Each structure stands twice: as structure tokens, then as C-alpha cells.
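For what it's worth, our numbering labels the leading residue of the sequence shown as 6, then goes sequentially.
Scroll down for the structure; my scribbles are underneath it.
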Amino acid sequence: TWAEVLDAHGTGRGCEVCRPTVGSILASLSNGYVLDGDQAALQDTNDHHLANMQRNGTYSVVPRIPGGEVLPDQLIALGQIAKDFDLYTKVTGGQRIDLLGARLQDLPEIWRRVLDAGMESGHAYGKALRTVKSCVGNTWCRYGVQDSVGMAIRLEERYRGLRSPHKIKMGVSGCTRECAEAQSKDVGVIATENGWNLFVAGNGGRSPRHGDLLAADLSDAELVTAIDRFVMFYIRTADRLQRTSSWLEELDGGLDHVRRVVFEDALGIADELEADITQHVNNYECEWKATLDDPERLTHFVEFVNAPDDRSTPVWISERGQRVPA
Ligand code: SF4
Numbered sequence: 006t007w008a009e010v011l012d013a014h015g016t017g018r019g020c021e022v023c024r025p026t027v028g029s030i031l032a033s034l035s036n037g038y039v040l041d042g043d044q045a046a047l048q049d050t051n052d053h054h055l056a057n058m059q060r061n062g063t064y065s066v067v068p069r070i071p072g073g074e075v076l077p078d079q080l081i082a083l084g085q086i087a088k089d090f091d092l093y094t095k096v097t098g099g100q101r102i103d104l105l106g107a108r109l110q111d112l113p114e115i116w117r118r119v120l121d122a123g124m125e126s127g128h129a130y131g132k133a134l135r136t137v138k139s140c141v142g143n144t145w146c147r148y149g150v151q152d153s154v155g156m157a158i159r160l161e162e163r164y165r166g167l168r169s170p171h172k173i174k175m176g177v178s179g180c181t182r183e184c185a186e187a188q189s190k191d192v193g194v195i196a197t198e199n200g201w202n203l204f205v206a207g208n209g210g211r212s213p214r215h216g217d218l219l220a221a222d223l224s225d226a227e228l229v230t231a232i233d234r235f236v237m238f239y240i241r242t243a244d245r246l247q248r249t250s251s252w253l254e255e256l257d258g259g260l261d262h263v264r265r266v267v268f269e270d271a272l273g274i275a276d277e278l279e280a281d282i283t284q285h286v287n288n289y290e291c292e293w294k295a296t297l298d299d300p301e302r303l304t305h306f307v308e309f310v311n312a313p314d315d316r317s318t319p320v321w322i323s324e325r326g327q328r329v330p331a
């Protein structure tokens with residue numbers, strides 16, 4: 006716990022360097038409810054309310070849409086929620102729907118309706134797996150050679166909620182035309198005639214980087230095992246707020262070292278890495294479901310703790326038919 010770490014190695018209440026660092030490590034190690042116990046005070050603003058705070062103090066709601074595949078009824082439900090709470094809606098680059106402008110005290114009711122529609126937390130607020138983007142693959146596309154949507158959903162449901170030093174993005178393309186832009190992701194998968202090519206440490210953002218080819222023509226099972234080991238090796242060894250791209254560039258031995266750790270078990274930790282992922286998969290629970298099931302956790306969602314019925318009054322304008330901050 007944070008108290009034990011502080012007792013053994015720190016003084017006072019900790020500082021602005023050690024508090025978020027230990028908070029990140031504890032969240033990655035335990036993968037339990039991120040706001041339980043004394044680690045709640047170590048989490049940043051977004052984690053604290055399981056939602057991203059926007060510039061006018063309202064929040065965004067981003068349900069998980071694994072692989073970008075969504076049922077028509079779920080789209081209708083999201084649209085109805087947006088209308089009822091006057092939320093701005095936008096499709097994100099990660100193939101999901103962003104609902105913006107939610108009031109803090111409305112978050113539980115909005116999420117209850119999202120869960121009722123069969124969706125769950127997208128962890129857009131956390132240093133965790135975000136999305137696994139996919140193209141339509143060989144189910145629809147004339148060029149596809151593998152089921153990229155099926156693999157993307159398998160990966161997203163395996164690693165959802167996995168806390169890490171920084172956000173993790175993945176992508177799966179159904180052929181080398183690469184419509185899912187998998188090579189710009191931390192983990193990129195591209196279908197071949199014989200299986201899957203695995204790319205790692207790609208990045209968009211401020212410092213774009215194409216992923217490096219870690220292995221070619223893997224079977225489904227080989228691919229998942231390799232990603233298990235790669236992701237957990239990164240989580241265990243990267244600094245806080247270090248994406249896979251800069252982690253790999255600073256890692257002694259670079260890509261060859263990662264390849265030996267993942268495929269030759271050079272450090273003798275492969276079983277541990279896989280066991281960590283198995284534990285995560287077995288213990289996974291949607292954070293918003295866990296919140297809605299616990300009246301104590303719901304008490305966090307008031308704007309003014311000493312006047313719980315009061316609401317702030319942000320100023321709105323209308324832009325292209327939707328409500329946005331003034
Ligand atoms: S990556 Fe290939 S399979 Fe996927 S949509 Fe593009 S052309 Fe089709």
C-alpha cells in the first residue's frame with residue numbers, strides 16, 4: 006500500500022514526484038479498483054472521477070466499443086443518452102463514441118444507462134489499454150486474408166482495464182494495405198496469408214514512430230502469447246508516463262533484447278509475465294459497474310461536498326447544432 010511504501014522509504018505525505026509514481030506502480034501491480042484504499046489520493050484528476058475532465062469542468066463519457074464493432078441498438082442507446090443529457094457527440098480516432106459535457110453528478114446515471122445497453126467503461130481516463138482499432142478484414146473486404154475484427158475484439162477483451170505506465174493502443178489490419186494503421190500503435194498486428202505479423206512500439210502524437218516488426222507469420226495462439234509477454238515486460242520495466250516507443254529506444258539491447266525476452270525467455274520470466282496477464286483477465290471488472298454497485302463509491306460524484314444539491318453553471322453556446330463550452 007501507499008502507507009507501507011511511505012513508512013519504509015519516505016517522509017511526511019510524499020511529494021509531487023513520488024506520489025504519482027507510486028500510484029502508477031500500485032495501479033499496475035494490483036489492477037484492482039483504482040480508487041480503493043489510500044491509493045485513491047494518488048490518482049490524477051481523470052482517474053479520480055473515472056472520466057476525463059474538460060476545459061469547462063464537465064466530463065466526457067467514452068464507452069468501450071471493442072474492435073470498433075457496435076450494434077445498431079447500442080448506437081441508438083448512446084444517441085438517446087446524448088439527447089437526454091444534452092451531450093456533444095463525436096466519433097474518436099479509436100473507433101468509439103465520445104459523449105462530452107457531462108456534469109459530475111450525472112456521470113453515475115449516464116454510465117448506468119451505458120451499462121444497461123451492454124457496454125462498459127472504455128478507460129479513456131486511465132493509463133491503461135485504450136482501444137484496439139481494426140478494419141473490417143476478410144469478413145467484408147475483398148483483400149482481407151484474416152478476421153481482423155475478431156482478433157481485435159479478442160485482444161481488446163483480454164487487455165481491457167490493464168493499467169500501465171502510459172496509455173496503450175493497439176490495432177489489427179486484415180491485410181498489408183494496413184487500413185487500421187496498426188504500425189502507429191504500441192502493438193500493431195497485420196494479417197498475412199500465413200497468420201499475423203506483430204509490430205511493437207509504434208506511436209502517433211507528438212513524436213510519430215512506425216512500429217518495429219517483432220515477429221512474422223504467428224498463429225493466433227502464438228500472437229496472443231507474444232503480446233502477453235511484450236505488454237507485461239513493458240509494464241514492469243517502463244518509467245511512469247513512458248510510452249512503448251521511448252521505452253524501446255532507451256532499453257538496453259533494444260528490439261533484439263525484447264525479441265529474446267518474448268520468444269526465447271532470455272530472462273527466465275516468461276511464465277511470470279503470462280501469469281500476470283492471466284490474473285488480470287480473471288480479475289477484470291468494469292470500473293463503472295463496480296462503482297454503481299457500491300453506494301460508498303458513488304459519494305465521490307458531487308461537485309460541492311458541503312452542498313451536494315448545488316450545481317455549477319458552465320456557460321454554453323451552440324455550434325453546428327450541438328452544445329459546446331462558450
Ligand atoms: S487492411 Fe486490407 S483487409 Fe483491411 S480494409 Fe484495408 S484492404 Fe481490406
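All C-beta atoms, glycine included, are put in the ideal place defined by N, C-alpha and C.
All of these numbers come straight from a predicted model, not from anything done at the bench.
- In the three-state DSSP reduction, V194 falls in the strand class (E or B).
- Spanning the alpha carbons of P313 and P25 requires a straight line of approximately 28 Å.
- Distances from the CB of E183 to the heavy atoms of ligand 1 include at least one below 7 Å.
- The region 301–318 makes no contact with the region 68–84: fewer than 3 CB pairs, one atom from each, lie closer than 8 Å.
- Remark: the shortest separation between the CB of G142 and any heavy atom of ligand 1 falls under 7 Å.
- Taking C-beta atoms as the reference points, K174 and S29 fail to come closer than 8 Å.
- Beyond the five residues adjoining it in sequence on each side, D191 comes within less than 6 Å, by CB distance, of I173, K174, T249 in the same chain, given in chain order.
- At a cut-off of 7 Å, the beta-carbon of G200 does not count as near ligand 1: no heavy atom of the ligand is closer than that.
- Measuring C-alpha to C-alpha distances from V96 to each of A122, E114, P68, R108 identifies P68 as the nearest.
- Restricting attention to V310, H305, A331, Q327, the CA atom closest to the CA of H53 is found in H305.
- Cβ neighbours of E125 within its own chain (closer than 6 Å, five residues either side excluded): R69, C291.
- Here the region 209–228 lies against the region 180–189, with 3 or more beta-carbon pairs under 8 Å apart.
- Membership of L112 in the alpha helix (DSSP H) is indicated by the continuous run 112–121.
- Between S139 and G72, the gap from beta carbon to beta carbon is short of 8 Å.
- Our two residues, E308 and D91, have alpha carbons roughly 19 Å apart in a direct line.
- Here L272 is exposed, its C-beta having fewer than 16 other C-beta atoms within 10 Å.
- For S189, the shortest separation between its Cβ and any heavy atom of ligand 1 does not lie below 7 Å.
- At a cut-off of 4 residues, the continuous stretches assigned as alpha helix (DSSP H) that sit fully inside the region 240–270 are 249–255, 259–268.
- Taking a C-beta distance under 8 Å as the contact criterion, D222 and G200 qualify as a contact pair.
- With a contact defined as Cβ atoms closer than 8 Å, A107 and T63 qualify at about 6 Å.
- Relative to ligand 1, C291 has its C-beta separated by 7 Å or more from all heavy atoms.
- Excluding sequence positions up to five before and after L297, its CB lies within less than 8 Å of the CB of P113, W116, R117, L120, L303, all in the same chain and listed in chain order.
- P300 places its beta carbon 8 Å or farther from that of L246.
- The closest CA to that of Q284, considering only Y164, C184, V267, A243, is found on Y164.
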